[in-house]
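J.:
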Amino acid sequence: MIERDGGNIIVEAKAIEFLTKKERAQLFGYMVGTGYPFGLLVNFATYPRPVIERYYFDKNDMTLTAF
8 MIERDGGNII
18 VEAKAIEFLT
28 KKERAQLFGY
38 MVGTGYPFGL
48 LVNFATYPRP
58 VIERYYFDKN
68 DMTLTAF
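Take 8 as the starting number for the sequence shown in my numbering and just add one per residue.
#1: Quick check on the DSSP output: what are the complete alpha helix (DSSP H) runs of length 4 or more inside the stretch 17-51, in order along the chain?
#2: So, using beta-carbon positions, are Phe35 and Phe74 closer together than 9 Å?
#3: Under DSSP, the beta strand (DSSP E) around Asp12 begins and ends at which residues?
#4: Give the straight-line distance between the Cα atoms of Tyr43 and Gly13, rounded to the nearest whole angstrom.
#5: Take Ile23 and list the residues in its own chain whose beta-carbon comes closer than 8 Å to its own, dropping the five residues that flank it on each side.
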């Protein structure tokens, strides 16, 4: 977790061949459970460049958006 004024960020780091719904669901569960608005899903197994997925959670609407 990274704390900041604009909203905290959940960072989920992985080192697997490719990301699946399971890894995304885990991050989303953390975001919903904590109410933190931002989440990063980072896969370091894709050398030399990691795959980074960014998500925003709107707790008023209970919606998740990739950006």
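Glycine included, C-beta positions come from ideal geometry on N, C-alpha and C.
T.: Walking through what the data contain:
#1: If we require 4 residues or more, the alpha helix (DSSP H) runs fully inside the stretch 17-51 come out as 28-41.
#2: Cβ distance not < 9 Å, so Phe35 and Phe74 don't count as in contact.
#3: Per DSSP, Asp12 belongs to no beta strand (DSSP E) and is neither H nor E.
#4: 10 Å
#5: Glu30, Asn50, Ala52
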